[in-house]
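There are 2 protein chains.
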Amino acid sequence: MKKITRWIYPYILLALPLFICSCNETNNHSKNEAAVATDTLPSWNNTPAKKAIIAFVEQVTSANSPDFVLPAERIATFDNDGTLWAEQPLAFQLFFIFDRIKALAPQHPEWKTKEPFASLLRGDNNSAIPASINSFAEMGELILVTQAGISPEEYEQIVADWITIARHPVTGKPLTSMVYQPMLELLDYLRANDFKIYIVSGGSCDFMRAFAEKTYGIVPEQVIGSSLKTRFEMNNERAVITNTEEFSAIITGKAKPLAIQSVIGRRPIASFGNSDNDLPMMQWTASGKGAHLCLYVHHTDSVREYAYDRVSADPFDKGLDEAMAKGWTIADMKTDWKTVYPPEKK
Amino acid sequence: MKKITRWIYPYILLALPLFICSCNETNNHSKNEAAVATDTLPSWNNTPAKKAIIAFVEQVTSANSPDFVLPAERIATFDNDGTLWAEQPLAFQLFFIFDRIKALAPQHPEWKTKEPFASLLRGDNNSAIPASINSFAEMGELILVTQAGISPEEYEQIVADWITIARHPVTGKPLTSMVYQPMLELLDYLRANDFKIYIVSGGSCDFMRAFAEKTYGIVPEQVIGSSLKTRFEMNNERAVITNTEEFSAIITGKAKPLAIQSVIGRRPIASFGNSDNDLPMMQWTASGKGAHLCLYVHHTDSVREYAYDRVSADPFDKGLDEAMAKGWTIADMKTDWKTVYPPEKK
């Protein structure tokens, strides 16, 4: 026995640091630091935007930094349309709404003569909102037709089925392939540094939940979006939740920080957007006590994507002025992004 | 060099499994299984309730079980008052409200003659609601006085400061020491098995957030509760969120499953409550497709805690009938719990 014990000592001594390393948080940090050192954000050019992102992440994650933030407090909030994926010529949820209304039309012969449905059903493409739909109320009616009266689970399934076959009206590509590769890398980089990532967007919450986990790795409970009020009832001993015909929340502008406070209850230390609708979220983030990162995606690339800002359906005007005045980070798509979309799958 | 290489082989061979073990998920599972095997739920007697909990967790976490649930889908929802901590003689938030109104009284001389404040200020103990407060509207007015017009962050700080010095009017103990030890062990057990735990409770969301992380290990974004509407504004270049005087949501009864769907977007596979107000949450959980656990805490212990059910401020009546009819798990405090409260700190 004694002999065996003696032989085993060097093995234990060698194995010990590995074992300790595997059982505490140091290991995660080492892995993260390695990730940073090798190929962080490969689709970002080595311009000030990328440097600002990395400097911020190092600032809040280095244990000896005066701006160190505990992992549980590393909340990052992202707008979706125009920030994580494209939004031209229309926000992609509109393509769903148009397709869905066309699919439901046979059950609604009255739509042939009733606006806003009639113009929509006559239209032969999906790349513009029919001129007859000129108010939010009319758009709201279209949203309700696709979403009210069914359960959130049914609605999510309809969206999930649709999004696997839907194609962009201009590029012909699957919509989920029109996510921004640099932003996917940013999500991964933040996650590797123990950030908890939320989407906070004007799109329907359940529309985004239908693809956010598969597309971005963002679970349903980390998606905040617009929603309808719901109703609970027992139906033959089975609990059923149904979307009503009444809007509950439209998560744009000032509603973004309010939803963040309500649902998350912690102030983000990093926020990402692309329009004036994201400005209150940026302002809320920037008004926190410690270090913060406010990053605006600026659509400047008419060749690889689209170029638009101050004049658009969802303008980036006051936000652009404030970002420049405050020195927030602006990701200029044309100069800061090496690639826009992920490489195509063969 | 050759000699060194030869000597190092046995070390590498021995260290390898440890290293592999530390770098993939198997390690977590092994740790969990070890936890289960040793002292899972030590404050629970070895009665059917404990067996049902363990059987359920094994059913949904064993990789070869037909009822296996992916870790990301292991959502568990807990009521707070009467489920995670005591709620007698009154829900503990009421003690806060009474103390807060007394603290604010010098700034409100008009309260001396204005109900419901006058009776409350005359009262010499905290263990009963003054008879003059006999409607939800009057109670609502008291809640607003403590919460409206300040920021959620200020309110949380006031609660956090108060709860460190508040004492229970009957036991004289700190309120956060009147959490249920068996339920703390249950939270740990579920977390060790990759469950994501939410509080879903009628108490004010920000009241619970002020202590839930320290007391239960539940982070703010996993606390769902009643709330006021909020307002966002810029004040001298600083973003400010303020609680208004309007209620936004009261998270009791049917509002519980609706809030779960809205905030989490996944159906819980395990729910825990103690009153009829938790019944819709149980029904929603039980109506899911796969395996589920619905557990009711039944207050049957007049010696160590309190005994109440069908007749109380927050009755456990329809819920008790349905739990018995459906064969849900009932944790009988008197017979199933070895201890009620955590051991006192010296």
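Sequence lines, in order, name chains V and C.
What the first sequence shows, in our numbering, is residues 1 to 346, in sequence order.
What the second sequence shows, in our numbering, is residues 347 to 692, in sequence order.
Yeah, the Cβ is synthetic: ideal placement off N, Cα and C, and Gly gets one too.
The three-state reading of DSSP puts I158(V) in helix, counting H, G and I together.
Around the Cβ of K318(V), a 10 Å sphere holds fewer than 16 other Cβ atoms; the residue is exposed. For G265(V), the chain C residues whose C-beta falls within less than 8 Å of its own C-beta are P498, C551, D552, R555, P566, E567, V569, listed in chain order. Taking CB atoms only, R537(C) has no neighbour in chain V less than 8 Å away. Residue burial is scored here from C-beta neighbours: E246(V) has fewer than 16 other C-beta atoms within 10 angstroms and is therefore classed as exposed. Close CB contacts of I129(V) within its chain, under the 6 Å cut and outside five residues either way in sequence, are absent. Cβ atoms of E651(C) and G265(V) stay farther apart than 8 Å, at about 30 Å. Distance between W85(V) and F438(C), taken at the CA atoms: about 46 Å.
Distance from the CA atom of E138(V) to the CA atom of P116(V), rounded to whole angstroms, is 7 Å. Taking 8 Å as the threshold, the shortest C-beta distance from A72(V) to chain C falls below it.
T230(V) is positioned such that its CB atom lies no closer than 8 Å to that of L532(C). In the DSSP assignment, P520(C) is bridged to R513(C). Contact check for A210(V) against E154(V) fails: the beta carbons are separated by 8 Å or more. In the three-state reduction of the DSSP assignment, K196(V) falls in the strand class. H638(C) has no beta-bridge partner at all, per DSSP. Y642(C) is the residue among N582(C), M679(C), Y642(C) whose C-alpha sits nearest the C-alpha of E668(C).
Interface criterion not met: the Cβ of W85(V) is under 8 Å from no Cβ in chain C. Note: A323(V) is not bridge-paired with any residue in the DSSP secondary-structure output.
For P614(C), no Cβ of chain V is located within less than 8 Å of the residue's own Cβ.
Taking a Cβ-Cβ threshold of 7 Å, the residues of chain V close to W630(C) are A239, in chain order. Note that the C-beta distance between C205(V) and S177(V) is not below 8 Å. Note on geometry: alpha-carbon atoms of F541(C) and P614(C) lie some 10 Å from one another. In the structure shown, T285(V) falls within a helical segment according to DSSP collapsed to helix, strand and coil.
Residues of chain V with a Cβ closer than 8 Å to the Cβ of T576(C) are, in chain order, L258, Q261, S262.
Counting only residues of its own chain and dropping the five nearest sequence neighbours on each side, G469(C) has a CB closer than 6 Å to the CB of P476.
Residues of chain C with a Cβ closer than 7 Å to the Cβ of M183(V) do not exist, since the nearest Cβ in that chain sits about 22 Å away.
Within chain C, the residues S608 have their CB atoms less than 7 Å from the CB of S227(V), given in chain order. Going by C-alpha positions, N623(C) is about 16 Å away from I676(C). The three-state reading of DSSP puts N589(C) in strand, counting E and B together. The distance from the Cβ of I260(V) to that of W284(V) is about 7 Å, consistent with a contact at the 8 Å cut-off.
Bounds of the alpha helix (DSSP H) holding T681(C) are 679-682.
Under the 8 Å criterion on CB atoms, M139(V) is classed as non-interfacial with respect to chain C. When Cβ-Cβ separations below 8 Å define contact, M580(C) makes contact with chain V. Residue pairing of G571(C) in beta bridges, as defined by DSSP: S547(C).
The continuous stretches of alpha helix (DSSP H) do not include S497(C), and DSSP gives it neither H nor E. In terms of CA proximity to I197(V), V223(V) leads the group V223(V), R100(V), L144(V).
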